[in-house]
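For what it's worth, this note's numbering labels the leading residue of the first sequence as 86, then goes sequentially. Heads up, the beta-carbon is just placed ideally off N, CA and C, and yes, glycines get one too. These numbers come from a predicted model, not from an experiment. What follows is a short report on a single structure.
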Amino acid sequence: MAKAAKTAITPTRSENYPEWFQQVVRAADMAETSPVRGCMVIKPWGYAIWENMQRVLDGMFKATGHKNAYFPLFIPKRFLEKEAEHVEGFAKECAVVTHHRLEAGPDGGLVPAGELEEPLVVRPTSETIIGDAFSRWVESYRDLPLLINQWANVVRWEMRTRLFLRTAEFLWQEGHTAHATEEEAREHTIRMLNVYADFARDSMAMPVLTGEKTAAERFPGAVETFCIEGMMQDRKALQAGTSHFLGQNFSKAQDIMFLGEDGERQHAWTTSWGVSTRLIGGLIMTHADDDGLVLPPRLAPVHVVIMPITFKSDEPEKIINYCHKVADDLRVQAFHGRHLEVEIDDRDMRGGEKNWSWVKKGVPIRIEVGPRDMAEDALFTARRDRPAKEKESIPRAEFIANAIQMLEDIQQTLHDRALSFREEHTHEIDSESDFRDFFAAPKGDPTPVHGGFALTHFCGDRAMEEKIKNDMGVTVRCVPMDEGEPGTCPFTGQPSAKRLVWAKSY
RNA sequence: CGGGCUGUAGCGCAGCUUGGUAGCGCGCUUGACUGGGGGUCAAGAGGUCGACGGUUCGAAUCCGUCCAGCCCGACCA
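Shown next as structure tokens:
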């Protein structure tokens with residue numbers, strides 16, 4: 086960094102996308118790897134983004150009738166064994182606690198002692214332990230629907246991990262509901278899917294497709310799995326949230342039964358749905374550029390950073406006071422359920438370095454105030470959705486009156502930009518050779534960014550789906566919710582009900 | 001769990017082939033000069049060279065065992 090680099094982040098997205106991603110996380114000081122393999126330390130800037138996501142989502146869950154609760158981290162092994170497909174899906178990635186005590190070992194270290202009678206599994210998801218509680222809580226149709234959400238950490242022992250996108254431990258929310266009828270449970274599954282899609286679009290400025298997973302991609306134990314899928318800037322798909330209709334699979338396995346209005350004892354219908362800290366990975370890969378993170382204002386921990394330029398002034402206190410006054414006038418303004426977050430950065434460091442540090446953190450609006458600006462009663466302003474060096478002097482009163490509008494404008498710009506990017510790289514593809522060409526990596530490029538979403542008919546043959554996955558690394562991301570038009574499957578020549586969304590994915 | 005690679009200062013690395021008491025860049029500390037841009041100069045702090053054992057007068061360097069991490073595969077929010 087001694088020599089002036091062209092971009093704040095090296096390598097750039099086009100040079101090496103995965104490495105660019107890691108560098109953005111590091112430059113914005115969001116998270117770091119930890120001594121524990123596969124686990125991350127989420128640093129204050131990253132965690133603040135998560136807290137904002139939590140606040141908005143939690144409000145949406147409450148608004149749709151859910152209550153928060155908390156269930157144990159440890160799940161008795163026999164609970165997991167109750168639902169056959171569920172066990173099979175998660176068994177390979179479970180962390181298991183087998184002892185409850187440490188004792189001094191022969192060579193000075195500590196060795197586990199006190200073996201547990203029954204091993205405890207660290208939750209990879211909580212359907213089983215929550216189902217156990219539901220079986221006791223639900224007695225009558227009057228107890229339904231039961232709408233519960235939990236904010237928690239879960240552990241899935243992944244082989245290969247990446248900050249925010251796939252870590253062995255991650256933070257998430259998992260909603261679990263029980264209903265009296267199949268129809269109501271199905272409706273609820275879709276309702277929560279739409280909550281996720283709304284959140285992604287409105288708060289994250291991340292357009293997503295909604296659809297159903299094929300059997301191959303379905304949640305273990307679910308009857309149907311629905312998802313939101315976003316397109317990242319390397320044109321790969323990111324599954325950003327899932328909503329499952331569990332039918333009576335779990336209620337039968339765990340005896341969640343109620344006495345109906347008609348006096349009949351019957352099994353409840355359940356759903357579950359979740360989003361995780363992976364959303365932060367999606368946020369980065371949707372908006373960040375070669376100068377670092379770009380935050381949609383609605384989720385930004387800081388909306389406006391004010392940097393006093395005092396070195397030229399005989400009276401630096403005057404400038405600082407002026408900045409505080411601007412900050413006060415901004416902080417009283419409401420922006421989507423909170424007040425504007427304004428930070429005055431008067432750290433004693435060189436201007437360039439300070440300015441770039443906020444560029445890399447993705448703060449929506451940066452303001453510099455020096456003696457000249459103060460004399461003119463104006464603010465030297467930069468927006469993160471525009472090039473770092475594009476700055477504009479705006480009269481103070483005008484800026485204060487329009488700050489909210491400017492943030493809304495940035496939010497909208499980010500969304501529209503992401504939407505046109507996705508549309509630009511989404512194509513209807515009708516022959517197998519075009520399909521292969523679309524997803525084939527250009528020759529001689531070690532870190533190719535290519536492909537996108539292919540809208541292609543498919544007959545639904547599971548073996549063919551598997552073959553395409555093995556050959557090209559391309560999977561069905563979702564079966565779109567809309568009606569669609571019938572056509573012909575280019576892989577088998579069989580009839581197809583509608584086009585599916587195909588892509589490489591995270 | 002298979003294949004490849006790497007462990008030396010907070011981070012990134014050189015030194016190892018041809019053993020001789022540890023070096024560079026960034027970062028950090030202090031001071032000066034700077035100042036609407038990711039500085040300049042000077043002076044400093046910081047390492048039992050992944051662990052254990054062997055060979056040797058002497059091991060970061062040679063040998064052995066172990067441990068950890070990274071990359072590529074199979075699996076995944």
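Query, Result
"Supposed close pair I394, G436 - CB separation, criterion 8 Å", "6 Å"
"Bridge partner(s) assigned by DSSP for C312", "G296 and T327"
"Buried/exposed call for V181, threshold 16 Cβ in 10 Å", "exposed"
"Residues of its chain near R76, where Cβ-Cβ distance is below 7 Å and the 5 sequence neighbours each way are ignored", "This structure leaves residue 76 out entirely; the chain is present only between 86 and 591."
"C-alpha distance - Q258 paired with V360, whole-angstrom precision", "6 Å"
"Residue nearest to E461 in terms of C-alpha spacing, selected from V448, I479 and P449", "I479"
"DSSP three-state assignment for N279, whether helix, strand or coil", "helix"
"Proximity of F524 and M549 at Cβ, strictly below 8 Å", "no"
"Residue range of the alpha helix (DSSP H) that includes S336", "N334 to Q339"
"Reduced DSSP secondary structure (H/G/I, E/B, other) of H151", "coil"
"Beta strand (DSSP E) runs contained entirely in the region 163 to 232, provided each spans 3 or more residues", "181 to 189 and 195 to 207"
"Reference V293; option with closest CA among V308, K321 and A270", "K321"
"Cβ distance (whole Å) where A488 is taken to contact V389 below 8 Å", "7 Å"
"Buried/exposed call for P449, threshold 16 Cβ in 10 Å", "buried"
"CA-to-CA distance, E400 to G367, given in whole angstroms", "45 Å"
"Between the CA atoms of I485 and K397 - distance to the nearest angstrom", "25 Å"
"Three-state secondary structure (DSSP) of V126", "strand"
"Inter-residue Cα distance where the pair is D501 and G174", "38 Å"
"Sequence-distant residues of the same chain with beta carbon closer than 8 Å to G123, five excluded per side", "W242, E243, T246, T252, A253 and E254"
"Counterpart residues of G558 in DSSP-defined beta bridges", "Answer by DSSP bridge pairing: none, since G558 is not bridged."
"Local conformation of F543 per DSSP, three classes", "coil"
"Pair within 8 Å by beta-carbon distance, N234 and G260", "yes"
"Helix, strand or coil at I429 according to DSSP, with G and I counted as helix", "strand"
"Validate contact between the region 344 to 364 and the region 460 to 474 using beta carbons, cut 8 Å, 3 pairs", "no"
"Meets three-Cβ-pair contact criterion under 8 Å: the region 126 to 141 and the region 264 to 279", "no"
"Whole-angstrom distance between N334 and E224, CA atom to CA atom", "18 Å"
"R363 versus Q107 - alpha carbon distance", "14 Å"
"Contact set for R140: own chain, Cβ-Cβ below 7 Å, skip 5 residues either direction", "none"
"Endpoints, beta strand (DSSP E) assigned at W358", "W354 to S361"
"The region 211 to 228 / the region 334 to 350 touching (three or more Cβ pairs under 8 Å)", "yes"
"Cβ neighbour criterion (16 or more within 10 Å) applied to G578", "exposed"
"Own chain partners of H421 with C-beta closer than 6 Å, once the 5 adjacent residues on each side are dropped", "R383"
"Top-ranked residue by Cα proximity to R481, from T274, H535 and C408", "C408"
"Local Cβ density within 10 Å of P129, reported as buried at 16 or more and exposed below that", "exposed"
"Ranges of the beta strand (DSSP E) found wholly within the region 397 to 458, counting only runs of at least 3", "427 to 429 and 450 to 454"
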